[in-house]
C-alpha cells in the first residue's frame, strides 16, 4: 500500500456493508483513521470487528447514525472530530433501494423515504462536513454516492433516479461554492454493483444479471467503488472537483 491517506481522518456513511465497507477497509489500508457512520448497529459493530482483526483497532470507530436526521449528522461529525482530531474526507454513501414500481402507484411516503436518505442525507453531510472543513482551514474532500440512474431515466425506479440526480446536482453546485476553501466535492455514479442491498438475498442470481446488464463482462464489486473513492480522497485528485 502507498499510504495515500496517511494521517487523514475520514467518515464513511453507510460504511458497515457493501461499497461503504469496502471503502472503509481501503482507506484504513492507505493509512487513514475512519469513522463508520451507519444506521445498523449490528453490521456496524461487525465492520469494526473485521477492521480490528486486520490490525486497525486504533484507527477505526463506529457511530450509529441516521443520515436523514440533522441532529444525528451534527453529533456524529462532532464526535468523529473529537475522537480523531480533525476531518479530511467525508464519503456520503448511505443508501436505500428506494421505491421501484409504476409512477402512478408510487406514494408520497415512497418519495419522502427515498429522498430523506439519498438526497437529504447527502445535503446534511455536505452542509455540516463543509462547516468542519471550513473551520479547520485545511481544505478537504467530500465524495457523494450518486448512480448511473441519476444520469438517465428508466421505467420503474423514478424516485430513486430523481434522488440520485439531485445528488449529482448538489455535488456540482457545492464544488463551485466550496472551491475557495479548497474543499473538493465529487460524485461517484456506480453502475450495477453487487452488494447486500442490491442482491435481495440472491447474490449469485444478482451477479449474473448485473454482468449481463452492461458491456463489461462482469458484475461490479464494492472494491471497484473503493478504488474510485480512494482516488478522489487522495492528493492524486487535488485538481478534481465538480465531477
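Residue numbers (the working numbering): 776 to 1018.
Just so you know, even glycine gets a beta-carbon here, dropped at the ideal spot from N, CA and C.
(request) Leaving aside the five residues before and after residue 878 along the sequence, list all residues of the same chain whose C-beta is less than 7 Å from its C-beta, in chain order. (result) 933
(request) Give the DSSP-derived three-state secondary structure of residue 875 in the structure shown. (result) coil
(message) Starting from residue 936, trace the alpha helix (DSSP H) in both directions and tell me its first and last residue.
(response) 933-953
(message) Quick check on this structure: which residue in 795, 943, 827, 953 has the alpha carbon closest to the alpha carbon of residue 964?
(response) 943
(message) Check whether the segment 995-1011 and the segment 939-954 are in contact - that is, three or more C-beta pairs closer than 8 Å.
(response) no
(request) From the DSSP output, in three-state form, read off residue 1011 for me. (result) helix
(request) May I have the straight-line CA-CA distance separating residue 870 from residue 893, to the nearest angstrom? (result) 6 Å
(message) At the level of alpha carbons, what is the spacing between residue 816 and residue 823?
(response) 11 Å
(message) Nearest by alpha-carbon distance to residue 863: which of 793, 931, 852 is it?
(response) 852
(request) Look at the alpha carbon of residue 761 and the alpha carbon of residue 920, and state the distance between them as a whole number of angstroms. (result) This structure cannot settle anything about residue 761, because the visible part of the chain is limited to 776 through 1018.
(message) Please list the terminal residues of the continuous beta strand (DSSP E) segment that includes residue 962.
(response) 958-963
(request) Mind checking which residues open and close the beta strand (DSSP E) that includes residue 839? (result) 835-839
(request) Using 10 angstroms around the beta-carbon of residue 908, count the other beta-carbons present and answer buried if the total reaches 16, otherwise exposed. (result) buried
(message) Under DSSP, the beta strand (DSSP E) around residue 809 begins and ends at which residues?
(response) 808-813
(request) Compare the Cα-Cα distances from residue 839 to each of 786, 811, 832, 1000 and report the closest residue. (result) 811
(request) Using beta-carbon positions only, say whether residue 872 and residue 997 come within less than 8 Å of one another. (result) no
(request) Check whether the Cβ atoms of residue 891 and residue 874 lie closer than 8 Å to each other. (result) no
(message) Spatial neighbours of residue 845 within its chain, please: C-beta separation below 6 Å, excluding the five flanking residues on both sides.
(response) 899
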